[in-house]
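Chemist: Sharing a structure, written as structure tokens. Questions coming.
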Amino acid sequence: MTAGAPPAPAERLRVRLTVNGAAVEREVEARRSLADFLREDLALTGTHVGCEHGVCGACTVLIDGRSARSCLLLAVQLEGARVTTIEGLTPADGLSPLQEAFRACHAMQCGFCTPGMIVASTELLAATPAPDEAGIREALAGNLCMCTGYVNIVRAVAQAAVRLAVPAP
Amino acid sequence: MKPAPFRYARPATAAEAVALLASSPGEAKLLAGGQSLVPLLNMRLARPSLLVDLNGARELERIDPAPDGGLRLGALVRHADLAAAPLVRERAPLLAEAARHVGHTAIRNRGTLGGSLAHADPAAELPAALLALDATLGLLGPRGMRRVAAAEFFRGLLVTALVEDELLAEVTVPAAPRGWGFMEIARRPGDFALAGVAASLDGRHHARVVGFGVADRPVRLRAAEVVVTAAPRDVATPARAGAAAAADCDPATDVHASAEYRRHLATVLTEDALRQAVGRLGS
Amino acid sequence: MSETAAGWVGVALPLKEDARLVAGRGRFLDDLGRPHLLHAAMLRSPHAHARIVRLDASEAAAMPGVLAVLTGAEAAARSGPIRPLIPTTAAVPDHCLAVDRVRYVGEPLAAVAAVDRATAEDALERIRVEYEPLPAVVDPEAAMRADAPLLYPALGTNVVWHDTLTYGDVDRAVARADGVLRERFTIQRYASTPLETFGAIAEYDAGTDAFEFWTNDQRPGLTISILAASLGVPQSRIRLHCPDIGGAFGNKRRPAYLLVCALLARAAGRPVKWIEDRIENLTALMHACNGIMDVELAYRADGTLLALLVRDVADEGKNLLTPTQHNLIKLGNIVNGYRIPAVRYEAWSVLTNKCPSGANRGIGKPFMCFAVERAMALLARRLGLDPAELRRRNYVTADQMPYTTPPGAQYDSGDYPATLERALERFDYAGWRAEQARARAEGRLLGIGIATSVEPAGTNLASYELVTGRRAASGSAEAAMVRVEPDGHVRVSLGDPSSGQGYETVVAQIVADELGVTPDGVSVARGFDSATTPWLYLSGNYSNKFSVTDVGAVVGAAARVRAKLLRIAVHRLEIDVTDLELRDGAAVVRGAPDRRLAIAELARTAYADVLGLPPGVDPGLEAHHIHQNPLAQPVDADRRVRSQLVFANAAHCCLVEIDPRTGRITLRKYVVMHDCGRELNPLIVEGMVHGSTVHGIGAALLEEFRYDETGQLLTSTFMDYLKPTAADVPTIEVDRLEHPSPVTPLGAKGVGEGGSIPGPAAVANAVEDALAHLGVVVRSLPITPEQVWRWLTKA
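Residue numbers (the working numbering), protein chains in the order written: chain Y, 96 to 264; chain B, 8 to 290; chain S, 216 to 1010.
Given below as structure tokens:
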């Protein structure tokens, strides 16, 4: 974008980015959030919207590998960025070790917070491969769950850390 | 909760951003991390006609050593990077620690130094840390850069020295004293602090004890500082300084805490931050 | 995971649903679309109480991208008032939008349907409303006064119900008592706030004059009834679907919103979707009643309880749909697990200018349990008894089961003393008491809190007769369908839409046991579809009824299919039915396992080769069953009723540490010993205990909907309404006893509300215990660090 006259509000702006490894190009209104863009323009409905003020974490995605609230980003901001959603963290066949741990531990009930939890946990385990319980709880404190009381989520992340630490044969 | 319509521009440099601000006086807002602004947009509490996305001005992302042993930080440095950068942890550990306390990981990944300072929430960590470190802020306007001491930058509740066509471009932090301490109390980890204290001292004549969440802006707790400089290494000093801290507080009452409680927390946190700071002085 | 010899029920089988949810493949309401979908937004009152003098939506209607606008006046002209579940004494018409008056901040008074939500919100700003503010009444006791501003002048009062119910000779018990403990407790407004907000898609077919809805409403049976009545169409021309629901906890029901969408859809000629945003949710969907309870507990010197007198003021906000529900449920559970022979309950149900109340998780039981368990803690202190010992002396014991309480609740089974004993053991009560004393000597403040509770399941709507004087609805029932498909796979459908309770898995386990197949061979329909799901008016997710009512419907339907499979097998194998069993996916001759007919083979006879059926047996392998909970009875002549039906129980024991300098409260340990009878799937059960307990902790320490004196909600975002995070709660340790219920088909009891009931009391008792040496009494919630600091400094 150049610093010429900014577009009119209803004007559609073009944005090009990479989502889950695939190149995407769309025209969007400036005020369209990344969350809505992912869900409605790209039909990636795994990312959920729970508050639209950046507190609940349901909308968490990875932007260039780092977690971010997609409800607090405008789609147009993501020009040139790499976005990873829960769909991009799910293998084509089956579940990732982290997802498998969540499933085995019943680390969800309604499932609405789960994609955000998986994204946050992915970032945690990449930075801290062997977190202790306090470390897991602190890292996930930005993701609200109304169903599980967090017990099984914490167990699942700890279990996943162990599984991921075992070198593949 | 969708924002009111706005025009959007993404300048490639800070200078271009300034020009855009000047083109829509009073009606433009800068978007940096967005962690404070976008909720306001979503709730329609902020309704700029032009949103200037500063994130394209990559020159503002730098963390550089300063020749005096301090740091030069671009306004777009993210909290996460402030917390993790070896240069910051080495030269201004108080700042790194303050940055670690901002919100949660996802917030820190996007939120920026400049954004936090310009927004000037009285309970924010970075303004207090920078006041404690005697930082200088570089404000870029149409007529160039002007420098304002942190002490002059925070003018009131969400009010700073920035004028309409200026943006906060950089922060210079002088070489920091060895002793530092940082404490805050929030209802939940990652929430805005009910109260907090950032302390910086050299064990001799220099002491900065800054409260946040205890006034309409970060505030030097001068009575506490006097106690510290009078007897910096005395084991009784932290508690006595804490007792003196309340005098310089003028906290608000809101749904989360009363003024009285915040004043009390300032006392406790001053003591604890000073113990930390003295502990780091070494011999 | 392979089944045990006993079958699939009872196995901690990982959930089928979890595989799709963890991959982000759930289908929640906002994931659904319809062709030509429009999006709605609602204009909401900024005033707690005001007359709508003038409303002009013409500018909004003329905006590009806006296809329909609905005002309150139009809604009242095009739809009937919403029929209440528990009506007020005088009929007060309540339409889906406010018509001439708004009565709480956030009450919707107009709505817009537009091409997208942002445009709809732009349009709201073009609707011009002139309000004449009226005095608002925010405090329930103020609302009870004769001079209070009235929400409904036609009612002549804000008091929807005031009555006193007396069971046993209360006055004599009080006169004989060695003492009476008197205390006043208050509780705040809070709510479970599921992470997915409420919403609906409505579509109108002008050709058939029929409506179709997709919604995360948890009580479709009731909602369809209300929609039909208000829209003036027969229920057969309403179709309602529920997709995956992102948590409900009693919050997800507001027929008014569906009506708004329906009317917009009809006006626009296109389907309309509306999803509430979080501010709308916190401001206007549902709060648990706040209230005031005056408790008098009459006792003998040895701690034996003689009578319980309660005066209970429930603040309903603007709830015309289900007022008094909290009162009735409290009454039904009033004596908790104790033998208290005489009870007097004076109930007030009061309207105020605040968000409507509703059946939030626990429906009043958290407050009732808080009051009783707090009173027990205070009485123990007064008598110098250990709080566990005082409880032991008063529990209904296992050999007294079934036990009927004075208001008529029947406790069917359970060992309350043993539950407490095991909880204390598991918690290491003696060890922590010793540690508490050591810590106190060092200036550290540790506190131990105990709270025990009955946890009922199922609600008998006949109890509403106590309020209304007549019986319009009653009982507790649910419907299910089991069908063996022509290919031998089993399909099940249940009238109760899951919202995270794992129905797709546990129902599959139940049916697998009945039919001798594996849970993988049983597909349980997701959600609800009124055209294909069997359902009743009473259908839906409320009051923990799954384990005690829904299960009966599933077992019953599966049993019918099982019987038919066996009949076909008997006919084809020419063998006696007693020689046959269903296992491993086939009908197998006992002792001769090579003589078997696979289910698919039996299905071939039932569906394709129908001439091969036994005489008198119709084709098909499908059965419906409706289970009615046998304990539901009408109100009797002494005004006793089983308002809730089957009783689980639990004992909570927790440890807090108070920072003496700041008042901060840290929960260090939390143990739940519970007994929900037979655990159908222990993974699901344990998850429910964890989650419900954290709801209780949230209510105790963090959550509060605070209003100012003009009725403005001060806590309308998640920044100010504080939910527990992973860093705020410890691991909830769970262990169990298992006393199967003799009155449910599989011996299971309810588990959903669980810890939300005794949780607040346990935490409050722990905080008070930490500060006992200062004479602190905890009378209200939430307990904030500032409150603790004030107690510490006053001492």
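C-beta: ideal position from N, C-alpha, C; glycine also.
In chain order, which alpha helix (DSSP H) runs of at least 4 residues are fully inside the region 160-235 of chain Y?
Modeler: Counting only runs of 4 or more, we get 192-199, 209-222 and 228-234.
Chemist: Is S:Gly-755 close to chain Y, meaning its C-beta is less than 8 Å from at least one C-beta of that chain?
Modeler: With 8 Å as the cut-off, S:Gly-755 does not count as an interface residue toward chain Y.
Chemist: Using a Cβ-Cβ cut-off of 8 Å, state whether B:Pro-196 counts as contacting chain S.
Modeler: Closer than 8 Å to some Cβ of chain S, the Cβ of B:Pro-196 qualifies, so yes.
Chemist: Give the range of the beta strand (DSSP E) segment to which B:Pro-134 is assigned.
Modeler: Taken as a continuous stretch (DSSP letters only), B:Pro-134 belongs to no beta strand (DSSP E), being part of the alpha helix (DSSP H) at 132-139.
Chemist: Return no unless some Cβ of chain Y is closer than 8 Å to the Cβ of B:Tyr-15.
Modeler: It does: the Cβ of B:Tyr-15 has a partner Cβ on chain Y nearer than 8 Å.
Chemist: Tell me the start and end of each unbroken beta strand (DSSP E) in the region 541-591 of chain S that is at least 3 residues and wholly inside, in chain order.
Modeler: Correct list: 557-566.
Chemist: Output yes or no for whether 8 Å exceeds the beta carbon distance between B:Arg-115 and B:Ala-90.
Modeler: Closer than 8 Å, so yes.
Chemist: Alpha carbon to alpha carbon, how far is S:Thr-537 from S:Leu-566?
Modeler: The alpha-carbon atoms of S:Thr-537 and S:Leu-566 are separated by roughly 11 Å.
Chemist: Starting from the C-beta of S:Ile-555, find all residues in its chain whose C-beta is less than 6 Å away, skip the five residues before and the five after it, and write them out in chain order.
Modeler: Hits under 6 Å: Leu-520 and Leu-523.
Chemist: S:Glu-919 and S:Val-353 - do their beta-carbons sit closer together than 8 Å?
Modeler: Their beta carbons are not under 8 Å apart, which means S:Val-353 does not touch S:Glu-919 by this criterion.
Chemist: Closer than 6 Å by C-beta to S:Ser-995: which residues in its own chain qualify, once you throw out the five before and the five after it? Chain order, please.
Modeler: Once the five neighbours on either side are set aside, the close Cβ partners of S:Ser-995 are Thr-401.
Chemist: Tell me the residue span of the beta strand (DSSP E) that contains S:Gln-450.
Modeler: Premise fails: S:Gln-450 is in no beta strand (DSSP E) and is neither H nor E.
Chemist: Below 8 Å, can you find three or more Cβ-Cβ pairs linking the region 245-252 of chain B to the region 973-991 of chain S?
Modeler: Counting Cβ pairs under 8 Å, fewer than three are found: no touch.
Chemist: To the nearest angstrom, how far is it from the Cα of B:Ser-265 to the Cα of S:Gln-651?
Modeler: Distance between the alpha carbons of B:Ser-265 and S:Gln-651 is about 31 Å.
Chemist: Spatial neighbours of B:Leu-175 within its chain, please: C-beta separation below 7 Å, excluding the five flanking residues on both sides.
Modeler: Closer than 7 Å at the Cβ level, and outside the excluded window around B:Leu-175, lie Ala-82, Gly-121, Leu-124, Ala-125, Leu-144, Leu-146 and Leu-169.
Chemist: Secondary structure at S:Pro-538, three-state DSSP: helix, strand or coil?
Modeler: Note: S:Pro-538 maps to coil in three-state DSSP.
Chemist: Of the residues B:Glu-177, B:Ala-206 and B:Arg-117, which one's Cα is nearest the Cα of Y:Ala-163?
Modeler: Of the candidates B:Glu-177, B:Ala-206 and B:Arg-117, the one whose C-alpha sits nearest the C-alpha of Y:Ala-163 is B:Arg-117.
Chemist: Name the chain B residues that come within less than 9 Å of Y:Leu-168, Cβ to Cβ?
Modeler: Simply Gly-41, Val-45 and Arg-117.
Chemist: Between Y:Leu-135 and chain B, is the shortest Cβ-Cβ distance under 8 Å, so that the two count as touching?
Modeler: Position check: residue 135 of chain Y holds Glu in this sequence, whereas Leu was assumed. So no, Y:Glu-135 is outside the interface.
Chemist: Do the region 668-681 of chain S and the region 708-720 of chain S make contact, defined as three or more Cβ pairs closer than 8 Å?
Modeler: No, they do not touch.
Chemist: Determine the extent of the alpha helix (DSSP H) in which S:Asp-728 is found, giving its start and end residues.
Modeler: Run containing S:Asp-728: 718-730, per the alpha helix (DSSP H) assignment.
Chemist: Which word fits S:Ser-745, buried or exposed, when buried means at least 16 other C-beta atoms lie within 10 angstroms of its C-beta?
Modeler: Buried is the call here.
Chemist: Tell me the DSSP secondary structure of S:Ala-220 in three-state form.
Modeler: At S:Ala-220 the pLDDT is 48, less than 50, meaning the model places this residue with poor confidence; the figure from the coordinates comes in the next sentence. The answer is coil: DSSP assigns S:Ala-220 none of H, G, I, E or B.
Chemist: Express the C-alpha separation of S:Leu-474 and S:Leu-730 in angstroms, rounding to a whole number.
Modeler: Straight-line Cα distance between these residues: approximately 42 Å.
Chemist: On a Cα-Cα basis, can you pick out the residue from S:Arg-787, S:Glu-968, S:Asp-794 and S:Tyr-936 that is closest to S:Ala-863?
Modeler: The option with the nearest alpha carbon to S:Ala-863 is S:Glu-968.
Chemist: If you drop the 5 nearest sequence neighbours on each side, which residues of the same chain put their C-beta closer than 7 Å to that of S:Pro-939?
Modeler: So the list reads Val-909, Ile-912, Gly-913 and Leu-917, once near-sequence residues are dropped.
Chemist: How about Y:Ala-176: is its C-beta nearer than 8 Å to some C-beta of chain S?
Modeler: So, not an interface residue.
Chemist: Could you tell me which residues DSSP pairs with S:Thr-667 in its beta bridges?
Modeler: S:Ala-866.
Chemist: Taking Cβ-Cβ distances shorter than 7 Å, what residues in chain Y pair up with B:Ala-53?
Modeler: Ordered by position in chain Y, no residue passes the 7 Å Cβ test against B:Ala-53, which lies about 12 Å from the chain.
Chemist: With 16 other CB atoms within 10 Å as the buried threshold, where does S:Glu-531 fall?
Modeler: Per the 10 Å Cβ criterion, buried.
Chemist: Please tell me whether S:Gly-673 and S:Asn-759 are closer than 8 Å, where the distance is taken between their beta carbons.
Modeler: Taking 8 Å as the Cβ cut-off, S:Gly-673 and S:Asn-759 qualify as a contacting pair.
Chemist: Answer yes or no: does any C-beta atom of chain Y fall closer than 8 Å to that of S:Phe-933?
Modeler: Interface residue, yes.
Chemist: On the DSSP bridge list, what partners appear for B:Tyr-15?
Modeler: B:Tyr-15 is bridged to B:Leu-58.
Chemist: With 16 as the cutoff for other CB atoms within 10 Å, does B:Pro-149 come out buried or exposed?
Modeler: It counts as exposed.
Chemist: Run through DSSP, which three-state label would S:Asp-1011 get?
Modeler: Limits of chain S in this structure are 216 at one end and 1010 at the other, which puts residue 1011 of chain S out of reach.
Chemist: Buried or exposed for S:Asp-809, please, with buried defined as at least 16 other CB atoms from any protein chain shown within 10 angstroms of its CB.
Modeler: That one is exposed.
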